[in-house]
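Undergrad:
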Amino acid sequence: MPILFRPVYSVDNPHWVPALRAGLADLDMRIWPDVGDPSDITHMVAWKMFPGDRTAYPNLRAVLSLSAGVNQYIGHPEFPHPAKLIRMIEPGLSSGMVDYVTSYVLRFHRDHDLVQAGGSTIPWGGIMPTLAKDRVVGIMGLGEMGGACARALAALGFRVRGWARTHHTIEGVGVYAGHDQLPHFLNGCDILVCLLPLTPDTENILSRDLFAQLPRGASLINVARGKHLVEDDLIPALDSGQLRMAALDVFRTEPLPPDHPFWSHKQILVTPHIAAITIPETGVAAIRQAIMMLDRGEDPPGLVDFERGY
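Written out as structure tokens, the structure reads:
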């Protein structure tokens, strides 16, 4: 069962290679470009597809994505169908996302941006805080990470509501499902968090029309995919006061170009796609579980439905 790892980022080799060699020590682990006989390869661990992948490995049975998002594979001409695609589900990803989302929700909830912008003009001790029980946080997307964020924020006392394609049951969270319920979900959301999968139905969903359905002065956190956001609609919404602040971790073009207006806008907080990063130690455990289940003819967690898009 030869497994091929395709590195991409500078941190891949010093972090991922030792973890893969340790966690899959009993398996035939190959690190690109030391592929050996390409026809031996049955599983590929990768961030994305590369030129030639569609035909290079004729016996490839599965691609195990190192990321939770898989839009980089869906529809890609190099994806080696009929291989299965497994998206990453591992506790480090969810934990990291909870940390990131909670930090920005609390920042907006406690008006840190207003205090910093006001500087010495803010009355000393004169800002009356809003309690978490009176703040509505909306989570778009209730998968592994969206559900984890919703539960964590509910545990902090926020009034949390979630929206997804289909109905979910999460204790302490009001759940809305389907396009018909989207307006009811948006109405009243003080802070909106996007954790949706990127599909044809969700691309460009963060638009002028959606912003108009939020309460005036709402804040936005996008940690899903850059193509969810219509970039040209964001700054007008901020400048008009319809939105108060935006925290963005994902973008249509990455890295975000140095001359992009998001960098300099005082109401936009930019981070370089760091909200949730797969942790090698826990990620390798998930990879091993998926390989073992596939070998037994079972469907592992994260098996992607190509028609659904996730």
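For the sequence shown, the numbering used here gives the first residue as 4, with consecutive numbering after it. Ideal placement from N, C-alpha and C gives every residue a C-beta, glycine not left out.
Grouping DSSP H, G and I as helix and E and B as strand, with all else coil, what is residue 162?
TA: Position 159 of the sequence shown, counting from 1, holds the residue named residue 162. Strand.
Undergrad: Roughly how many angstroms lie between the CA atoms of residue 146 and residue 176, to the nearest whole one?
TA: For the purposes of this step, residue 146 is taken as the residue at position 143 of the sequence shown. For the purposes of this step, residue 176 is taken as the residue at position 173 of the sequence shown. Cα to Cα, the separation comes out at about 14 Å.
Undergrad: Go through its chain and collect everything with a Cβ distance to residue 64's Cβ below 8 Å, but skip five positions before and after it.
TA: Within the sequence shown, the letter at position 61 stands for residue 64. Same-chain partners within the cutoff: 45, 46, 86, 87, 297.
Undergrad: Would you check if the distance between the CB atom of residue 327 and the CB atom of residue 22 is smaller than 7 Å?
TA: Nothing in the structure corresponds to residue 327, since the chain is present only between 4 and 313.
Undergrad: Just the Cα atoms here: how many angstroms apart are residue 276 and residue 113?
TA: The residue given as residue 276 occupies position 273 in the sequence shown. The residue given as residue 113 occupies position 110 in the sequence shown. Going by the C-alpha atoms only, they are around 24 Å apart.
Undergrad: How many Å lie between residue 197 and residue 226 at the Cα?
TA: What you label residue 197 is simply residue 194 of the sequence shown in a count that begins at 1. What you label residue 226 is simply residue 223 of the sequence shown in a count that begins at 1. Distance between the alpha carbons of residue 197 and residue 226 is about 6 Å.
Undergrad: Per DSSP, residue 225 is paired with what?
TA: Position 222 of the sequence shown, counted from the start, is the residue given in the question as residue 225. Bridge partners of residue 225: 197, 251.
Undergrad: What does the Cβ neighbour count give for residue 169, buried or exposed, with the cut at 16 atoms within 10 Å?
TA: Sequence index remark: in the sequence shown, residue 169 carries index 166 (1-based). Under this definition residue 169 is an exposed residue.
Undergrad: Roughly how far, in whole angstroms, is the beta-carbon of residue 192 from the beta-carbon of residue 141, given that I think they are within contact range, below 8 Å?
TA: Indexing the sequence shown from 1 puts residue 192 at position 189. Indexing the sequence shown from 1 puts residue 141 at position 138. Their Cβ separation, rounded to whole angstroms, is 4 Å, which keeps residue 192 and residue 141 in contact under 8 Å.
Undergrad: Using DSSP with H/G/I as helix, E/B as strand and the rest coil, what is residue 92?
TA: Reading the sequence shown from its first residue, position 89 is the one you call residue 92. Of the three classes helix, strand and coil, the one that applies to residue 92 here is coil, per DSSP.
Undergrad: Starting from residue 141, follow the alpha helix (DSSP H) in both directions and report where the run begins and ends.
TA: Along the sequence shown, one-based indexing puts residue 141 at 138. Careful: residue 141 lies outside any alpha helix (DSSP H), inside the beta strand (DSSP E) at 139-143.
Undergrad: When the Cα atoms are used, what is the spatial distance from residue 144 to residue 30?
TA: Residue numbering aside, residue 144 sits at position 141 when the sequence shown is read from its first letter. Residue numbering aside, residue 30 sits at position 27 when the sequence shown is read from its first letter. Near 36 Å, if we compare the C-alpha coordinates of residue 30 and residue 144.
Undergrad: Quick check: the stretch 83-102 against the stretch 49-67, are at least 3 beta-carbon pairs closer than 8 Å?
TA: Yes, since at least three Cβ pairs between the stretch 49-67 and the stretch 83-102 fall closer than 8 Å, the two stretches touch.
Undergrad: For residue 266, does the count of other Cβ atoms within 10 angstroms reach 16, so buried, or fall short, so exposed?
TA: Along the sequence shown, read from residue 1 onward, the residue named residue 266 stands at position 263. Residue 266 is exposed by the Cβ-count criterion.
Undergrad: When the distance is taken between beta carbons, is residue 257 closer than 7 Å to residue 230?
TA: Translated into positions along the sequence shown, residue 230 becomes position 227. Translated into positions along the sequence shown, residue 257 becomes position 254. Going by C-beta atoms, residue 230 is not nearer than 7 Å to residue 257.
Undergrad: Find out if the Cβ-Cβ distance for the pair residue 80, residue 43 is shorter than 7 Å.
TA: Here residue 80 refers to the residue found at position 77 of the sequence shown. Here residue 43 refers to the residue found at position 40 of the sequence shown. In this structure, residue 43 does not lie closer than 7 Å to residue 80 by Cβ.
Undergrad: Determine the burial state of residue 49: buried for a count of at least 16 other Cβ atoms within 10 Å of its Cβ, exposed for fewer.
TA: Sequence index remark: in the sequence shown, residue 49 carries index 46 (1-based). Counting Cβ neighbours within 10 Å, residue 49 comes out buried, since at least 16 surround it.
Undergrad: Between the beta-carbon of residue 199 and the beta-carbon of residue 223, is there less than 7 Å?
TA: The sequence position of residue 199 within the sequence shown is 196, counting from 1. The sequence position of residue 223 within the sequence shown is 220, counting from 1. Not a contact, by the Cβ cut-off of 7 Å.
Undergrad: Can you tell me the Cβ-Cβ gap for residue 82 and residue 52, rounded? I've got them flagged as a contact below 8 Å.
TA: If you number the sequence shown from 1, residue 82 lands on position 79. If you number the sequence shown from 1, residue 52 lands on position 49. Right, their Cβ atoms sit about 6 Å apart.
Undergrad: So, using beta-carbon positions, are residue 69 and residue 91 closer together than 7 Å?
TA: For the purposes of this step, residue 69 is identified with residue 66 of the sequence shown, where counting begins at 1. For the purposes of this step, residue 91 is identified with residue 88 of the sequence shown, where counting begins at 1. In this structure, residue 91 lies closer than 7 Å to residue 69 by Cβ.
Undergrad: Whose C-beta lies closer than 8 Å to the C-beta of residue 99 among residues of the same chain, with five residues either side of it excluded?
TA: Sequence index remark: in the sequence shown, residue 99 carries index 96 (1-based). These residues qualify, in order along the chain: 278, 279, 280, 282.
Undergrad: Does the stretch 237-250 come within contact of the stretch 208-217, defined as at least 3 CB pairs closer than 8 Å?
TA: Enough Cβ pairs lie closer than 8 Å, so yes.
Undergrad: For the alpha helix (DSSP H) that residue 214 lies in, which residues bound it at each end?
TA: Taking the sequence shown and counting its residues from 1, one reaches residue 214 at position 211. That run of the alpha helix (DSSP H) goes 211-215.
Undergrad: By Cβ distance, which residues of its chain are closer than 6 Å to residue 270, with the 5 residues on each side in sequence left out?
TA: For the purposes of this step, residue 270 is taken as the residue at position 267 of the sequence shown. Result list for residue 270: 241, 248, in chain order.
Undergrad: If you check the beta carbons only, do residue 95 and residue 285 fall under 7 Å apart?
TA: Here residue 95 refers to the residue found at position 92 when the sequence shown is read from its first residue. Here residue 285 refers to the residue found at position 282 when the sequence shown is read from its first residue. In this structure, residue 285 lies closer than 7 Å to residue 95 by Cβ.
Undergrad: Rounded C-beta distance between residue 181 and residue 173? I'm assuming under 8 Å.
TA: Sequence index remark: in the sequence shown, residue 181 carries index 178 (1-based). Sequence index remark: in the sequence shown, residue 173 carries index 170 (1-based). Not quite, the Cβ-Cβ distance comes to about 16 Å (not below 8 Å), so this is no contact.
Undergrad: Quick check: what's the CA-CA separation for residue 38 versus residue 20?
TA: Locating residue 38 in the sequence shown gives position 35, counting from the first residue. Locating residue 20 in the sequence shown gives position 17, counting from the first residue. Roughly 14 Å between the two C-alpha positions.
Undergrad: Go to residue 47, then tell me how far its beta strand (DSSP E) extends in each direction, as first and last residue.
TA: On the sequence shown, residue 47 is found 44 positions in, with the first residue counted as 1. Element bounds for residue 47: 46-49.
Undergrad: State the start and end residues of the unbroken beta strand (DSSP E) segment that holds residue 65.
TA: What you label residue 65 is simply residue 62 of the sequence shown in a count that begins at 1. Looking at the DSSP string, the run of the beta strand (DSSP E) that includes residue 65 is 65-68.
Undergrad: So what's residue 279 in DSSP terms, helix, strand or just coil?
TA: If you number the sequence shown from 1, residue 279 lands on position 276. Residue 279 falls in the coil class under three-state DSSP.
Undergrad: For a test of the three-state rule: what should DSSP assign to residue 3, helix, strand or coil?
TA: Nothing in the structure corresponds to residue 3, since the chain is present only between 4 and 313.
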